[in-house]
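Q: Sequence lines, in order, name chains A and B. Residue numbers for the first sequence follow our numbering, so the first one is 5 and each next one is one higher. Residue numbers for the second sequence follow our numbering, so the first one is 5 and each next one is one higher. Got a structure for you, written out below as structure tokens; questions coming shortly.
2 protein chains.
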Amino acid sequence: MAGQRRRPTLEDVAARAGVSRSLASIAIRGESGVSEPTRERVLRAADEIGYRPDTRARLLAQGRAKLLGVTFNVQHAFHAELIDAIYAAAEPAAYDIALSAVTPGRDESRALEALLGYRCEALVLLGPDSPESRLAELGRRLPVVVVGREVSDPSLDVVRTADDVGMRLAVDHLVSLGHRDIVHIDGGRGHKAAARRRGYRTAMRRHGLTDQVRVIPGGQTGESGAVAARVVLAERPMPTAVLAYDDDCACGLLDALIRSGVSVPDDVSVVGYDDSRISRLPYVSLTTIGQDARQMASLALNRAHTRLVGDEVTEREIVLSPHLVERDTTARPPVDSDRQQPHLQAVRSRAVR
Amino acid sequence: MAGQRRRPTLEDVAARAGVSRSLASIAIRGESGVSEPTRERVLRAADEIGYRPDTRARLLAQGRAKLLGVTFNVQHAFHAELIDAIYAAAEPAAYDIALSAVTPGRDESRALEALLGYRCEALVLLGPDSPESRLAELGRRLPVVVVGREVSDPSLDVVRTADDVGMRLAVDHLVSLGHRDIVHIDGGRGHKAAARRRGYRTAMRRHGLTDQVRVIPGGQTGESGAVAARVVLAERPMPTAVLAYDDDCACGLLDALIRSGVSVPDDVSVVGYDDSRISRLPYVSLTTIGQDARQMASLALNRAHTRLVGDEVTEREIVLSPHLVERDTTARPPVDSDRQQPHLQAVRSRAVR
DNA sequence: ATGAAAGCGCTAACAG
DNA sequence: CTGTTAGCGCTTTCAT
Chain A
5 MAGQRRRPTL EDVAARAGVS RSLASIAIRG ESGVSEPTRE RVLRAADEIG YRPDTRARLL
65 AQGRAKLLGV TFNVQHAFHA ELIDAIYAAA EPAAYDIALS AVTPGRDESR ALEALLGYRC
125 EALVLLGPDS PESRLAELGR RLPVVVVGRE VSDPSLDVVR TADDVGMRLA VDHLVSLGHR
185 DIVHIDGGRG HKAAARRRGY RTAMRRHGLT DQVRVIPGGQ TGESGAVAAR VVLAERPMPT
245 AVLAYDDDCA CGLLDALIRS GVSVPDDVSV VGYDDSRISR LPYVSLTTIG QDARQMASLA
305 LNRAHTRLVG DEVTEREIVL SPHLVERDTT ARPPVDSDRQ QPHLQAVRSR AVR
Chain B
5 MAGQRRRPTL EDVAARAGVS RSLASIAIRG ESGVSEPTRE RVLRAADEIG YRPDTRARLL
65 AQGRAKLLGV TFNVQHAFHA ELIDAIYAAA EPAAYDIALS AVTPGRDESR ALEALLGYRC
125 EALVLLGPDS PESRLAELGR RLPVVVVGRE VSDPSLDVVR TADDVGMRLA VDHLVSLGHR
185 DIVHIDGGRG HKAAARRRGY RTAMRRHGLT DQVRVIPGGQ TGESGAVAAR VVLAERPMPT
245 AVLAYDDDCA CGLLDALIRS GVSVPDDVSV VGYDDSRISR LPYVSLTTIG QDARQMASLA
305 LNRAHTRLVG DEVTEREIVL SPHLVERDTT ARPPVDSDRQ QPHLQAVRSR AVR
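Structural data, given as structure tokens:
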């Protein structure tokens, strides 16, 4: 059934075209140094026997790999976008990309091991969760670019976006709409959550809203948002805007609010963070903070390339600004008379768990 | 900065341990044929200089690759699960997995090219969208297992689940709850959509509900579900249950229903298909039809392996049964008195677009 | 138990 | 323009 016979090699092509291997090699690679007729003969021969160069042998022979290893988390939607952008950015420089997935059943060190075995020249790690010491150890062996996480070891390059800027954008947006009573549902423990919390506080202060600063404990799941919704609903007066830790959290909140008969954005505005896929669903259409995957990927590959060719690098860390993605969950706050008597109606629905 | 010096080779290890390359090779691979002291010496030497075998060279030398190429769509959540399971299933057989992503900017033929260049021994294609002729062409060159799509070419192996069974499970479930007025929002054009539509009709007929068969045009997006919701809401009497083409469609429907003040599952039950991540979100908790990723992956790898070792295969196609995942969007239908006057209340909310 | 030698499929100097 | 000669890093006979 399936053709189990030996795959044709360059040798076969050369023989068929009646030339030497090296000439065939040159012709196949499209380099100069072959006469047009010969090239055509070789190409035709290759085509006829279905020849396909062996990437591994090719790289082995070349000594250098032109191979970038990329770890990503198969669960994380944003990584999908980054991968798309990475492929695109790798093309012009003719880098090959070796993907290694982190899954629930395959931890990051396994993913890294595999890439190392493939002799990747450099590594691009999307939101790695390994301890910094492990990453630093890698960084000492080959160029490593960490994407989307803050690490301080000098042997590691970093491309990330500024969380405090993101939070400021969100707060600015809400304030410009007329909101003052803006609460933050945080992301619990973790560096990122802390950075966003800090960003929220700073941004509020900047608008003279220090007194309105309120942080409600949340988390990184929709459920945590749903739980936080109860707290939000219980507040008197109810805040006019909620800034959630991330999109998942915001969606849980959103859903719980709507089920309680609160209208978004008429009664309360909601802002997420990440511009994840869920936030774009037409029936969610969440205002959120987005990161430019294309740019991040391109910068990360650039940096890897810079390291590989041995050029100097001035700033180890590249910090990008995220941007506001204005969708349909934010609007002007309700007029005061309305706020006194929030538009709560009992809607028959399954309980929010 | 980052160590640019040559990676240590087996030669280096051998030299350091004072043995020949071949012996070092045997020791490193843990094969028998080395004295214990020598093995330890080699292993220590390798460790000291940070040696790591070069997978490519290793495979090149071995002649065979033990490498399975896997294409997947970075957008598709179910593929993430399959990949996890594939890694797990590949481990015992010591297969290496080469991942090649299909992204908005990188089409499937590119993904396939890359894998072919890596001399994968066999291909596992997750939900491929290439024309069958292209797949068949591949199948003639090396073992190809198509996962989750129906193809008829004899050179291709298939592992998929039966859509008609899935639809039957959904209908059976609803009927057993007491529903009779069950509509189907379909997935538009496409093989899969047709298969599910057919499955729905057959299942309804089986319950003597031929007269209640109603198919509402839908699609594969949340938006299409939201649009279909309007049709559902306009029906008199309103159906007591809706069976959507997939989870995305079901979620759009769900959201639109809730915004219209219809309670799910009290007024109407909703069933999705795919058991995708979105259906599991705690605040969605959609009853749906699930496929066993672990089993599919394992069968796919098994099949690839069987082909590779040249064993006979009796059935080209492996068709699994999906299963019902009962969550919180299905319940007994409302009592008739209630149905006459469906519980519609105008909820102030942003319009469903 | 150990080592020498011959490739795997390819590219990269070199000579003609 | 073309062919010859060496390897890349590893595994694999096959002697010793």
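Cβ atoms here follow ideal geometry from the backbone N, Cα and C, with glycine treated the same way.
(1) In angstroms with no decimal places, state the Cα-to-Cα distance between leucine 247 (chain B) and threonine 292 (chain B).
(2) Under a CB-based cut-off of 7 angstroms, is isoleucine 189 (chain B) close to chain A?
(3) Give me the Cα-Cα distance between valine 274 (chain B) and aspartate 167 (chain B), rounded to the nearest whole angstrom.
(4) Tell me the DSSP secondary structure of valine 163 (chain A) in three-state form.
(5) What residues in the region 69-95 of chain A have a beta carbon less than 7 angstroms from any beta carbon of chain B?
(6) Buried or exposed for valine 313 (chain B), going by 16 or more other Cβ atoms inside 10 Å?
(7) Looking at the unbroken alpha helix (DSSP H) that takes in serine 228 (chain B), where does it start and where does it end?
(8) Using a Cβ-Cβ distance under 7 angstroms, would threonine 107 (chain A) count as near chain B?
(9) Give the range of the beta strand (DSSP E) segment to which valine 78 (chain A) is assigned.
(10) Using the three-state DSSP reduction, which class does aspartate 215 (chain A) fall into: helix, strand or coil?
(11) Relative to the C-alpha of alanine 297 (chain A), which candidate in A:Arg164, A:Leu261 and A:Tyr287 has its C-alpha closest?
(12) Give me the Cα-Cα distance between valine 179 (chain A) and glycine 222 (chain A), rounded to the nearest whole angstrom.
(13) How about serine 29 (chain A) and leucine 14 (chain A): do their beta carbons lie closer than 7 angstroms?
(14) How would you label glutamate 112 (chain B), buried or exposed, when you count the other beta carbons within 10 angstroms and need 16 or more for buried?
(15) Using a cut-off of 9 angstroms between C-beta atoms, extract the partners of alanine 230 (chain B) located in chain A.
(16) So proline 326 (chain B) and leucine 173 (chain B) are in contact, right, with Cβ under 8 angstroms, and what is the actual spacing, rounded?
(17) Locate the alpha helix (DSSP H) running through glycine 256 (chain A), then write down its first and last residues.
(18) What separation, rounded to the nearest whole angstrom, lies between the Cα atoms of histidine 188 (chain A) and arginine 331 (chain B)?
(19) If you draw a straight line from the C-alpha of glutamate 154 (chain B) to the C-alpha of aspartate 252 (chain B), how long is it?
(20) Using the C-alpha atoms, what's the distance from valine 329 (chain A) back to histidine 195 (chain A)?
(21) Identify whether histidine 347 (chain A) lies in helix, strand or coil by the three-state DSSP scheme.
(22) Alanine 254 (chain B) to glycine 226 (chain B), Cα distance in whole Å?
(23) Arginine 184 (chain B) to valine 288 (chain A), Cα distance in whole Å?
(24) Could you give the distance in angstroms between the alpha-carbon of arginine 33 (chain B) and the alpha-carbon of alanine 94 (chain B)?
(25) Which residues in chain B sit within 7 angstroms of glutamate 35 (chain A), going by Cβ to Cβ distance?
(26) Cα separation between valine 23 (chain A) and arginine 56 (chain B)?
(27) On a CA-only basis, which of B:Gln216, B:Arg201, B:Ala260 and B:Leu71 is nearest threonine 244 (chain B)? Give me that one, please.
(28) Closest Cβ-Cβ distance between threonine 59 (chain A) and chain B: below 7 angstroms?
(29) Could you run through the region 21-53 of chain A and flag, in chain order, every residue whose CB is less than 9 angstroms away from some CB of chain B?
(30) What residues in the region 120-141 of chain B have a beta carbon less than 7 angstroms from any beta carbon of chain A?
(31) Take aspartate 278 (chain B) and list the residues in its own chain whose beta-carbon comes closer than 6 angstroms to its own, dropping the five residues that flank it on each side.
(32) Thinking C-beta only, is aspartate 271 (chain A) closer than 7 angstroms to proline 108 (chain B)?
(33) In terms of alpha-carbon separation, which member of A:Val78, A:Tyr91 and A:Val74 lies closest to arginine 123 (chain A)?
(34) Given a threshold of 16 other Cβ atoms within 10 Å of its Cβ, counted over all protein chains shown, does serine 159 (chain A) qualify as buried or as exposed?
(35) Of all the options B:Arg218, B:Arg20, B:Leu27 and B:Tyr91, which has the alpha carbon lying nearest to the alpha carbon of glutamine 299 (chain B)?
(36) Between proline 338 (chain B) and alanine 232 (chain B), what straight-line distance do the alpha-carbon atoms span, to the nearest angstrom?
A: Taking the geometry as given:
(1) 9 angstroms
(2) no
(3) 18 angstroms
(4) strand
(5) Val78, Gln79, Ala84, Ile87, Asp88, Tyr91 and Ala92
(6) exposed
(7) 226-238
(8) yes
(9) Where valine 78 (chain A) is concerned, there is no enclosing beta strand (DSSP E), given that its DSSP letter is neither H nor E.
(10) helix
(11) A:Arg164
(12) 22 angstroms
(13) yes
(14) buried
(15) Pro286 and Tyr287
(16) 7 angstroms
(17) 251-263
(18) 31 angstroms
(19) 22 angstroms
(20) 23 angstroms
(21) For histidine 347 (chain A), the predicted structure reports a pLDDT of 44, less than 50, and the residue's modelled location is therefore unreliable. A value from the coordinates is still provided. Residue state, collapsed to three classes: coil.
(22) 7 angstroms
(23) 31 angstroms
(24) 19 angstroms
(25) The premise fails here: glutamate 35 (chain A) is roughly 18 angstroms from chain B at the closest Cβ pair, so nothing lies under 7 angstroms.
(26) 38 angstroms
(27) B:Gln216
(28) yes
(29) none
(30) Leu120, Gly121, Tyr122 and Arg123
(31) Asp250 and Asp251
(32) no
(33) A:Val74
(34) buried
(35) B:Tyr91
(36) 21 angstroms
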